[in-house]
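Peer 1:
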Amino acid sequence: MKKIVIYIMRLGLSIIYGFLKFFPTQENKVLFLSRQSDEITQDFSDTQELLRQKNPGVKIVTLCHRLEGEKSGGLAAFAVSTLKSMYHMATSTVCVLDAYWPAVSILHHKKSLTVIQMWHALGKIKQSGYQTLGRESGRSAETARLMKMHENYDYIIAGGRAWNPFYCLSFNTTEDKLVNCGLPRIDHLLNTAEANRAKVMEAYPEFREKTVVLYAPTFRRNIELHWEELADRLTAEKDIVLIVKGHPNQQLATDNPAVYTCPEFKAVDLLSACDYLVTDYSAIAIEGAVLDRPTYYFVYDYEEYREKNGMNIDLFETMPGCVFRSAEELAEAITAGSYNYDALEEYRHRYLPEHLGTSTEQIVKLITDNMKK
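Going by the numbering used here, the first residue of the sequence shown is number -6, and it counts up by one from there.
1. Per the contact definition of three or more C-beta pairs closer than 8 Å, is the segment 257 to 268 in contact with the segment 198 to 205?
2. Quick one: what's A151 bridged to in DSSP?
3. Excluding sequence positions up to five away, which residues of its chain have a Cβ less than 6 Å from the Cβ of A83?
4. At 4 residues or longer, and completely inside the segment 205 to 245: list those alpha helix (DSSP H) runs for me, N to C.
5. Going by beta carbon distance, what residues of the same chain come within less than 8 Å of W156, once the five residues before and after it are set aside?
6. Tell me the rounded alpha-carbon separation between V357 and V87.
7. If we require 4 or more residues per run, which alpha helix (DSSP H) segments fall completely within the segment 253 to 279?
8. Taking its Cβ as the centre, do 16 or more other Cβ atoms sit within 10 Å of V283, making it buried, or is it exposed?
9. What does DSSP give as the partner residue(s) for Y290 in the beta ladder?
10. Report yes if the C-beta distance between R226 and A326 is below 8 Å; otherwise report no.
11. Grouping DSSP H, G and I as helix and E and B as strand, with all else coil, what is T84?
12. Excluding the five sequence neighbours on either side, which residues of its own chain have a C-beta within less than 7 Å of the C-beta of L106, listed in chain order?
13. Using DSSP's beta-bridge definition, name the partner residues of C57.
14. Cutting at 8 Å between CB atoms, please list the residues of its own chain near I9, excluding the five before and the five after it.
15. Consult DSSP for L90 and reduce its assignment to one of helix, strand or coil.
16. Going by beta-carbon coordinates alone, are F71 and G122 separated by less than 8 Å?
17. Applying the 10 Å Cβ sphere with the 16-neighbour rule, what's the burial state of G330?
18. For a quick check, are the C-beta atoms of I216 and Y293 less than 8 Å apart?
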């Protein structure tokens, strides 16, 4: 039944799109699609700002629609967004997206349309996409095939070259489609670090003269969360401040009154204000590396996560002395102030793209070149 429904859906969209493609292509029109947020993301915003500067006559259309959350409106609301996106795909020269958008991959586009996948992470620490088909935390192989997952991309924005084999496996693509320039958020992090730190300290003056720890874990599907012990141990230290930022799809709740959530700040904006970043399999570790932030990994479920989702790198080998299964041992390391800075420097050299601070410029050039092809 599921297969029949998908085939009917694909046929219906293809018929509608066939009519929409009779509308003329607008040579100065660029479409941005996001399922990561209901609001325009920092990566999209920075790209669009520079794109307008370089191309004053450009017409930019942005559609943002998360399938999860209170504002999603369910499948019916996303169907409306899909139809809107189809009209704009039919009349644009470039389409930029930051996640899988079904209509992009399912439909047959005009030759005049260039599709750029600006994937929302700076690297591929954990497995995703085609790497996780059939696993508990992934999709079924049949669904991926029927929905043509991650097809029709002309370019894929990637991080450091060391991640390339994993991008290829995740997107079921070839390396010639990868552009190793990183995301605009790299430029944003570097350009706003001092200002962000000042804003945080102004909002929370009690952070001054303290060791500030930011805990930002990844999203876990079908895996229980066990982070409260770490929070209890860290907040028991009078000289340590703990900020907790959950994944957008998985907020973290605690009864510990000493834990800060800093709701007015995003996790990436708090990086410049923290002395230590604690994460696990999240790509925020790469963003932390951009700012040379000492990063610890709290992986209490390492074996379970590797089995259910999969990892592309062995954290224990990549970051020796910085990875802990035990909340007690991690808290002791943070309290002692010991850290393997040599491992962090090697990580930066290996996994960050070259020419930091030029990501937005390179992406805008790619878009502009394809607008004028």
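Just so it is clear, CB atoms sit at the ideal spot from N, CA and C, and this is done for glycine as well. Nothing here was measured: the structure is a model prediction, and the numbers come from that model.
Peer 2: Taking the geometry as given:
1. yes
2. N173
3. L13, K14 and F16
4. 221 to 228
5. G116, K117, N305 and Y344
6. 11 Å
7. 260 to 263
8. buried
9. T272 and V316
10. no
11. helix
12. M82, S85, T86 and C88
13. S27
14. L76 and M79
15. strand
16. no
17. exposed
18. no
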